[in-house]
Structure formats: structure tokens, C-alpha cells
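These notes are about the structure you will find just below.
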Amino acid sequence: MAYGSSDEVKERLKITGSSEDTYITHLIAQADAEIDVALKPYTLGFPLSPVPEAIKQISTDLACGLFWENRQNTQSIFCVRARAALQNYILQTYFPKAYSDSLPVIESGI
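Going by the numbering used here, the sequence shown opens with residue 990, and the numbers climb by one from there.
Here it is, written out as C-alpha cells:
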């Protein structure tokens, strides 16, 4: 089962029709593999089941970015955002104490 959704990839990239479906499915598999490699030190089994919503969104964004990068030969904000979100997911999920210590404390003054 893929983490990302080809329908969401097509929606985010404003693609209509089915001419890119096979390619998008391939890109989702590539995105999922990148996610699995990043999570491998922290997770026992793959594919993730159930798939957290954050991972679904990261996979979809990463597939969008890979589509864009392969077509435009330039870095995509989708990939930058997805990889940053993946790092945040790892920190929040597997290192919650370290993550919470790094957040700024906002004084309310109340």
C-alpha cells in the first residue's frame, strides 16, 4: 500500500486526465522508499500500518516535488517542505523530549 495518493498528487499539480498516472504511481513509490529509509532506524516494520496522516501528506508532497524536479530540472519547494516535515515528524515521534526542549517558551504575562 502506498503512503501517498495519486489523486492528491494530481490535484496539487493541477493535472487532469490519466496520462501521468503510471508515472505518478512510480514517483509515490520513490517517495515512500525515501521515507522508509529515513524511518528505518526508528521503526521495526515496513510499510507502516496504519499510515500516520503526516506520512501520507509527506509522501504526497515528496512525489509532487519529484515530478516537478524531473520536469523542470530545478529544486522544488514541495521536496524541501516534505523533507523538512519528515525530519520534524521523526523528532516529534521518536524524540519528543528533545523536540519539546527545542521549542521556544512564550511568556504570556498573565
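Every residue gets a Cβ at the ideal spot worked out from N, C-alpha and C, and that includes glycine.
Limits of the alpha helix (DSSP H) - the one that E1009 falls within: Neither: E1009 is in no alpha helix (DSSP H) and is coded neither H nor E.
Sequence-distant residues of the same chain with beta carbon closer than 7 Å to I1099, five excluded per side: Note that I1099 scores 47 on pLDDT, short of 50, meaning its location in the model is unreliable; the coordinates nonetheless yield the value given after this. Nothing listed; no residue qualifies.
Distance between beta carbons of S1048 and A1022, contact taken as under 8 Å: Contact between A1022 and S1048 is absent: CB atoms are separated by about 10 Å, not below the 8 Å threshold.
CB of K1029 within 8 Å of CB of G993, strictly: Taking 8 Å as the Cβ cut-off, K1029 and G993 do not qualify as a contacting pair.
Own chain residues within Cβ distance below 7 Å of E997, not counting five before or after: When the five nearest sequence neighbours on each side are left out, the beta carbons in the same chain lying within less than 7 Å of the beta carbon of E997 are those of T1049, in order along the chain.
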